[in-house]
Amino acid sequence: GLGLTNKKSENFGEWYSEVVVNSEMIEYYDISGCYILRPWAMSIWENMQAFFDPEIKKLKIKNCYFPLFVSPGVLEKEKEHVEGFAPEVAWVTKSGQTDLEVPIAIRPTSETVMYPYFSKWIRGHRDLPLKLNQWCNVVRWEFSNPTPFIRSREFLWQEGHTAFAKKEEADQEVLDILELYRRIYEEYLAIPVIKGKKSELEKFAGGLYTTSVEAFIPNTGRGVQGATSHCLGQNFSKMFNIEFEDENREKAKVWQNSWAYSTRTIGVMVMVHGDDKGLVLPPKVAAVQVIVIPVPYKDADTQGILDACSATVDTLVEAGVRAESDLRDNYSPGWKYSHWEMKGVPLRIEIGPKDLANQQVRAVRRDNGAKIDIKSADSVEEIKKLLDQIQQNLFEVAKQKRDECIQVIHTWDEFVQALGQRKMILAPWCDEEEVEVDVKARTKGETGAAKTLCSPFEQPELPEGTKCFASGKPAKKWSYWGRSY
Ligand SMILES: O=C1CCCN[C@@H]1CCCn1cnc2cc(F)c(F)cc2c1=O
Ligand SMILES: [Mg+2]
């Protein structure tokens, strides 16, 4: 029957798998690490896209589409950035029964696909800035435990690739895009994130520096990289000879950025907001924000109730609310309540004989279960207000839970203890790479090692003489540490 067999607080992994399937977002596929994105998931992707795509167009970024296939020579052009990733690259080696002369790679990301053409298209400073984005899929044949949305062998993302004459322009865009990612999480998915800079060890090896928005899953005590915005410096322009003649007719290499968010965002939303009744959707990204359910009673004016449901939906849709009714006569109201709760619809409207008689409807919130009677005459603005309250409440509850997980520490013992308590750890660090390597080694366990999540742009006070928690050397910055996905 309906209902989850796993509880979020008891076995999180199984709970998560059940929720993504029972809410009809995911169907498991016969190839490991690959999942079917059903409409209930795709609509969330589309609702985020409906915010992000116009926003990047305001920044004069244009959409394009490059081929899925990468020739080996080009992919391996940048040894440093590819060698660590080589095991993840998927290759086409045959067509039909015939072996291909030369195997062809499937894009795991598109730097090496795009940049030979950036080199061709960028000749003079008038060709800059070049700002392209593509909405596509990428394939990475990962071997660590696959998780729907969070880690899959194929996923959807957008990847932005931009080129500028000056470093300052690139630096600014990195931050502009990161702010859009913060908005996706905090304003649409109702998830608090921390903006910061990745360590030298965690950054994109092919780039100059990496910034990210970091989310945190209280139930597992794991950080999750929400989206990334890299400044590539001139590393790729040197490699692919992307240069231009500047104003004083000097040849100069361009400064580049690349940035992405992916369908991983949807998994984070499920993990943060879901409960033991199933999915909980933030209204801003919900395909259906309001589900209207008739509650007929014996022979009491059933048609009148059905008509009231349809009229309520029409009025809401007219006002721009994504509302639907469930008039199926082969399911009971109780079954429908559970079904739409499992699917995470933020607000349910019940209309029974009493409601009809009193010219009102009964609203039930998915986030806190509150029941509110609304005069039909006021239903549109009351329902819009409720949806805003739900959006806001989901964020505040998630922020409060995430903040409870943050632990400031100063010593190794405090660090180890906080890690055991599944905290997101804020610690003073000497910012030396081998110290991070050492912390990883010292915390290696079956649930994974601790690593830096980011060094937050908002740095707390660092009193003179503060020591690094791991090395005892003078601390240079505060960094968030934790286990991660
Ligand atoms: O993260 C982004 C934003 C969008 C464009 N790409 C950058 C860096 C991607 C880093 N990365 C990440 N994963 C990879 C996996 C591979 F198999 C491979 F060949 C290369 C890579 C790889 O370069
Ligand atoms: Mg990877």
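Numbering-wise (my numbering), the sequence shown opens with residue 1173 and increments by one. For each residue, glycine too, the CB sits at the ideal point set by N, CA and C.
**Message:** Less than 7 Å separating the Cβ of residue 1376 from some heavy atom of ligand 1?
**Reply:** yes
**Asked** Helix, strand or coil: how does DSSP classify residue 1194 here?
**Response** helix
**Item:** Cβ-Cβ distance between residue 1666 and residue 1318 below 8 Å
**Value:** Residue numbering for the chain in the displayed model covers 1173 to 1657; residue 1666 lies beyond these limits and cannot be assessed.
**Asked** Under 8 Å, do residue 1346 and residue 1429 count as touching if we go by C-beta distance?
**Response** yes
**Asked** Which residues in the same chain as residue 1295 place their Cβ atom closer than 8 Å to its Cβ, once the five residues preceding and following it in sequence are excluded?
**Response** 1416, 1417
**Request:** Would you tell me roughly how many angstroms separate the C-alpha atoms of residue 1438 and residue 1191, rounded to the nearest one?
**Result:** 12 Å
**Message:** For a minimum of 4 consecutive residues, which ranges assigned as the alpha helix (DSSP H) are wholly contained in the region 1481-1547?
**Reply:** 1505-1514, 1525-1529
**Helix, strand or coil at residue 1572 [DSSP, three-state]** = helix
**Request:** Note down, in chain order, each residue of its chain lying with its Cβ closer than 6 Å to the Cβ of residue 1276, except the 5 sequence neighbours on either side.
**Result:** 1241, 1264
**Request:** Sort out for me which residues DSSP pairs residue 1343 with in a bridge.
**Result:** None; residue 1343 has no bridge partner.
**Request:** Using a threshold of 8 Å, state whether the C-beta atoms of residue 1446 and residue 1577 are closer than that.
**Result:** no
**Prompt:** On the three-state DSSP scale, how would you describe residue 1241?
**Reply:** strand
**Asked** For ligand 2, which residues count as neighbours when the test is a C-beta closer than 7 Å to any heavy atom?
**Response** 1260, 1312, 1314
**Request:** Less than 8 Å between the CB atoms is what I'm expecting for residue 1528 and residue 1476, so what's the real figure, rounded?
**Result:** 6 Å
**Message:** Helix, strand or coil, according to DSSP, for residue 1298 in the structure here?
**Reply:** helix
**Prompt:** Since residue 1405 and residue 1379 are thought to touch, with beta carbons under 8 Å apart, how far apart are those beta carbons, to the nearest angstrom?
**Reply:** 7 Å
**Message:** Quick test of your reading: residue 1309 and residue 1321, contact by CB under 8 Å. State the CB separation rounded to the nearest angstrom.
**Reply:** The Cβ separation is near 14 Å, so there is no contact.
**Request:** Kindly identify the DSSP beta-bridge partner or partners of residue 1326.
**Result:** 1311
**Request:** Compute the Euclidean distance between the alpha carbons of residue 1259 and residue 1312, then round it to the nearest angstrom.
**Result:** 9 Å
**residue 1466 beta carbon near ligand 3 (any heavy atom closer than 7 Å)** = The model depicted lacks ligand 3 and carries ligand 1 and ligand 2 instead.
**Item:** CA-to-CA distance, residue 1580 to residue 1233, given in whole angstroms
**Value:** 40 Å
**Message:** Which residue marks the beginning of the beta strand (DSSP E) containing residue 1270, and which one marks its end?
**Reply:** 1270-1278
**Own chain partners of residue 1468 with C-beta closer than 7 Å, once the 5 adjacent residues on each side are dropped** = 1474, 1477
**Prompt:** Any heavy atom of ligand 1 closer than 7 Å to the CB of residue 1658?
**Reply:** With the chain represented from 1173 up to 1657, any question about residue 1658 goes unanswered, as that position is not in the structure.
**Request:** Identify whether residue 1585 lies in helix, strand or coil by the three-state DSSP scheme.
**Result:** helix
**Message:** So that I know if they touch, is there some Cβ in chain B lying closer than 8 Å to that of residue 1289?
**Reply:** In the structure shown, chain B cannot be found, because there is only a single protein chain.
**Request:** Would you mind reading off the limits of the alpha helix (DSSP H) that contains residue 1224?
**Result:** 1211-1230
**Prompt:** With which residues is residue 1394 paired in a DSSP beta bridge?
**Reply:** 1389, 1655
**Request:** Could you pull the start and end residues of the beta strand (DSSP E) that residue 1463 belongs to?
**Result:** 1462-1466
**Item:** Under 8 Å between C-beta atoms of residue 1538 and residue 1452
**Value:** yes
**Request:** Alpha carbon to alpha carbon, how far is residue 1626 from residue 1597? Give it in angstroms, no decimals.
**Result:** 11 Å
**Asked** First and last residue of the alpha helix (DSSP H) that includes residue 1290?
**Response** 1283-1293
**Helix, strand or coil at residue 1624 according to DSSP, with G and I counted as helix** = strand
**Asked** Apart from the five residues just before and just after residue 1595, which ones in its own chain have a Cβ nearer than 8 Å to its Cβ?
**Response** 1393, 1577, 1578, 1579, 1654
**Item:** Distance CB(residue 1460)-CB(residue 1484) smaller than 8 Å
**Value:** no
**Request:** Could you tell me if the beta carbon of residue 1187 falls within a distance shorter than 7 Å of some heavy atom in ligand 1?
**Result:** no
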